Amino acid sequence: MAQSYKSYHTWSASVRWFHWINVLCILGLIFVGLVMLNKKSLGITGLDAKIGLKELHIIIGYIFASNLFIRLMMAFIGPASARFSAFLPQKGFKESLKNYKTSIKAGTTQQFIGHNPIGRLAVTALFSLLIILAASGLFRAGTDIYFPPFGGAIASYLAEQGTDPSTILPYNDTGVNTDKKATLKVYKSPIGKIHLYSAYLLMLLIIIHIAAVVRAEVKEGDNLVSSMISGKKIMSKTPEDA
Ligand code: HEM
Numbered sequence: 024m025a026q027s028y029k030s031y032h033t034w035s036a037s038v039r040w041f042h043w044i045n046v047l048c049i050l051g052l053i054f055v056g057l058v059m060l061n062k063k064s065l066g067i068t069g070l071d072a073k074i075g076l077k078e079l080h081i082i083i084g085y086i087f088a089s090n091l092f093i094r095l096m097m098a099f100i101g102p103a104s105a106r107f108s109a110f111l112p113q114k115g116f117k118e119s120l121k122n123y124k125t126s127i128k129a130g131t132t133q134q135f136i137g138h139n140p141i142g143r144l145a146v147t148a149l150f151s152l153l154i155i156l157a158a159s160g161l162f163r164a165g166t167d168i169y170f171p172p173f174g175g176a177i178a179s180y181l182a183e184q185g186t187d188p189s190t191i192l193p194y195n196d197t198g199v200n201t202d203k204k205a206t207l208k209v210y211k212s213p214i215g216k217i218h219l220y221s222a223y224l225l226m227l228l229i230i231i232h233i234a235a236v237v238r239a240e241v242k243e244g245d246n247l248v249s250s251m252i253s254g255k256k257i258m259s260k261t262p263e264d265a
């Protein structure tokens, strides 16, 4: 018997724009981040080049952080598919996760207009990591090269009495109070580590995310990839969240 398919509106245009801008920014941030990490082996040794790479990473970081900020605002005031309720685990989540896993094992995988329960866990973890990366990155942008939004306050804190904070330069101790620099390092180093390990964890989650989306597309007929472009999902079963 011929199977009947029905088309459902899923992701709003705002969610789709966020998603693809986010993908581009993250690719750029990972690329420049990896160059920064491996600069010695790539033969990049000069201070100007080191600062230039950081500036480039931070400029992409501003686009990334602004896009993320707008997305989080949309989770409060945006369309239904952008709200927190569309991706955070909701009441009865354990039960729906169990039912979803059972349906996969039975070969009758449930379909969803929005995220399936495992997708909700993945998106919650991804958003948490992105927020940690944005916050730690913005802090390090301030401590390392005195860039906004925290750079002005950090330069004012570090400047010796009588020194104009706007005259102190990255990686140059002229006019810098060394005791205060040491105090700042107590925060700067662990926050740098959090940033780095969150980036590694994000890379791992991205690989899992892509593998899961491809698997859903191939095995379950959920057109997840094209739905993030068209905003429509075409399904053969009645979705659980219809
Ligand atoms: C998905 C988001 C991001 C990823 C995957 C990422 C990745 C990385 C990586 C791999 C490094 C190299 C770590 C190191 O040199 O120790 C790094 C460093 C850095 N990132 Fe990001 N980053 C992200 C977002 C941001 C944002 C939003 C900003 C600020 C606007 C930022 C600012 C910095 C700074 C200042 C450093 C240098 C820290 C250091 O030298 O230890 N990052 N990032």
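Numbering (this note's numbering), first residue to last: 24 to 265.
The beta carbon of each residue, even a glycine, is placed where N, CA and C say it ideally should be.
Note that the structure is a prediction, hence the values are computed from the model and not measured.
For ligand 1, is there any heavy atom lying closer than 6 Å to the beta carbon of I53? yes
Taking only the alpha-carbon atoms, compute the straight-line gap between P171 and G142 and give it to the nearest angstrom. 34 Å
Start and end residues, beta strand (DSSP E) containing H32: 29 to 32
With respect to 6 Å, is the separation between the Cβ of M96 and the closest non-hydrogen atom of ligand 1 below this value? no
Where I22 falls: helix, strand or coil (DSSP): No statement about residue 22 is possible, as the shown extent of the chain runs from 24 to 265 and does not include it.
Stretch-stretch touch, CB-based, cutoff 8 Å, three pairs: the segment 213 to 221 with the segment 187 to 198: no
With I233 as the anchor, note down where its alpha helix (DSSP H) starts and where it stops. 201 to 238
Based on DSSP bridge pairs, tell me the residues matched to K256. Y31
What do you reckon, are the CB atoms on S258 and Q133 nearer than 7 Å? What sits at residue 258 in the sequence shown is Met, not Ser. Cβ distance not < 7 Å, so M258 and Q133 don't count as in contact.
Within 8 Å, do at least three Cβ pairs link the segment 112 to 119 to the segment 199 to 207? no
If you reduce the DSSP assignment to three classes, tell me which class A129 lands in. coil
Inter-residue spacing [alpha-carbon to alpha-carbon] between S253 and N246: 10 Å
Is the segment 150 to 170 in contact with the segment 80 to 89, if contact means three or more CB pairs nearer than 8 Å? yes
I'd like to confirm the pairing. Which residues does DSSP put opposite A182 in its beta bridges? V199
Whole angstroms are fine: how far does the CA of G66 sit from the CA of M96? 42 Å
Check: Q145 C-beta below 6 Å from any heavy atom of ligand 1: Residue identity differs from the one stated: residue 145 is Ala in this sequence, not Gln. Because no heavy atom of ligand 1 lies under 6 Å away, the Cβ of A145 does not count as near it: no.
Using 8 Å for Cβ pairs, my map puts L76 next to V58. What's the rounded Cβ distance? 6 Å
On the three-pair Cβ rule with 8 Å, is the segment 29 to 47 touching the segment 97 to 107? yes
Let's test the definition: count the other Cβ atoms within 10 Å of the Cβ of V209 and tell me whether it reaches 16, buried, or not, exposed. exposed
Going by C-alpha distance, which of A265, D264, K256 is nearest S30? K256
Would K208 count as contacting chain C if we go by Cβ distances under 7 Å? Absent from the structure: chain C. Only one protein chain is present.
Should L70 be listed as close to ligand 1, given that the test is whether its C-beta is under 6 Å from any heavy atom? no
So, for I83: in the same chain, excluding its five sequence neighbours on each side, which residues have a beta-carbon less than 8 Å away from its beta-carbon? C48, G51, L52, V55
For N122, which of helix, strand or coil comes out of DSSP? helix
For the candidate residues K260, A265, D264, whose alpha-carbon lies nearest to that of Y28? K260
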